[in-house]
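Under the working numbering, think of the first position of the sequence shown as -6, with each following residue one higher.
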Amino acid sequence: MKRRTFITSAIGAIAGAAGCVHSWQQPLHTGAALAFGTTISISVANADDELAQRAIAEALQAALAVDRLMSIYHPASQVYQLNRDGVLHKPDARLIEVLAKATHLSDISGGAFDVTTQPLWRLYTEAARAGGLPSDEDRRRAQALVDWRQLAFDADHIRFRRPGMALTLNGLAQGYAADQALAALQAHGVRHALLDTGEFTARGQKPGRQPWVLGVRDPRDPGALVTTLSAQGCSVATSGDYECSFTPDYRHHHIFDPASGDSPTELASVTVVAPTALEADGLSTAFMVMGWERAKALAAQLRAVDLMVVDKQGRSRRTAGFPGHA
């Protein structure tokens, strides 16, 4: 369901399962796979061709494993099984890790981030298929099933405390996949890489000792950029009302404010820079709900977190540490 919100202007489009091109006489190795309903890709600058290709293959497998584990659509995934049965026994340790991080994000954001918004997604999706929006009564009924504090989990089981609840990790899984893939690359000694799982992680430099450069798209013009940024030693994620909108005016979309049961109204997009892709992924969703002032205040309390927002009127604002590109 999620997104392709950046243009990787540093390397261009990547196609095929694997390849190698040379830039400034330094090898850039690439690999790609299908996951999260899109194409994920990894680019590595490394002098050892065999090592680079092996590292890319293992990194892609690590990302694919996250998709298989956390998809809300695949019957074999543990999240699918939890939503179907209301309880999951012997959960994978990676799922517990992500839920623990989700709980922390919910806590620090005052509930703006909530992995139990899936009932609202289902409701709005079904209404859109019927050509409209849900009634206020149906919305309130779905909203009553949204509460991250009613999700219980430990190493032995995960369960919902209320019947009818459901989980989505679409605001974390792609970021976590990038982090897992990065760990696989680093286990092979890879120092220079750009990973794209829908969220971006950059380490080191691209060939020619140049920074990895990303472009942030305009939320109202898919062919235009709001800005470009140099991504060095960080992860970057964008959430936007255009990613999946239920109405042409972008008023109702896939991001939900748990407090209202509807979409937040202030911002069109939020781009977050953070130390990990999971943080960037989750915070971009939370900040969309929180709005500029609250998001800016929370980012100031977090290590190495910065953001840029574009509001519904097309105005952009950014925190002082948000990276630019000369």
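No residue lacks a Cβ here, since even glycine has one placed at the ideal position from N, Cα and C.
| task | Could you spell out where the beta strand (DSSP E) holding D211 opens and where it closes? | result | 205 to 211
| Beta carbon of D274, beta carbon of G168: below 9 Å? | Cβ distance < 9 Å, so D274 and G168 count as in contact.
| Helix, strand or coil: how does DSSP classify I35 here? | strand
| the region 97 to 113 touching the region 206 to 215, judged by at least three CB pairs closer than 8 Å | They do not touch, by the three-pair rule.
| task | On a CA-only basis, which of G197, L218, A297 is nearest L21? Give me that one, please. | result | G197
| CB L162 to CB A135, shorter than 9 Å? | no
| Touching or not, the region 215 to 227 and the region 59 to 72, by the rule of three or more beta carbon pairs under 8 Å? | no
| said: Just to confirm before moving on: does the CB-CB distance between G79 and F153 stay below 9 Å? | reply: The answer is yes: Cβ separation under 9 Å.
| task | Report yes if the CB atom of D299 is closer than 9 Å to the CB atom of S228, and no otherwise. | result | no
| query | In chain order, what residues of the same chain have a beta carbon less than 6 Å from the beta carbon of R311, not counting five sequence neighbours either side? | reply | M301
| Cα separation between Q143 and R155? | The alpha-carbon atoms of Q143 and R155 are separated by roughly 7 Å.
| said: Applying the 10 Å Cβ sphere with the 16-neighbour rule, what's the burial state of S70? | reply: buried
| request: Please work out which residues of its chain come closer than 8 Å, Cβ to Cβ, to A217, disregarding the five sequence neighbours upstream and downstream, and give them in chain order. | output: R210, D211
| said: At the level of alpha carbons, what is the spacing between H181 and W141? | reply: Distance between the alpha carbons of H181 and W141 is about 37 Å.
| First and last residue of the beta strand (DSSP E) that includes P215? | 214 to 224 is the extent of the beta strand (DSSP E) around P215.
| field | Given A267 as reference, the closest of E43, A55, F280 once Cα atoms are compared | value | F280
| Sufficient close CB pairs (3 or more, under 8 Å) joining the region 79 to 91 to the region 257 to 266 | no
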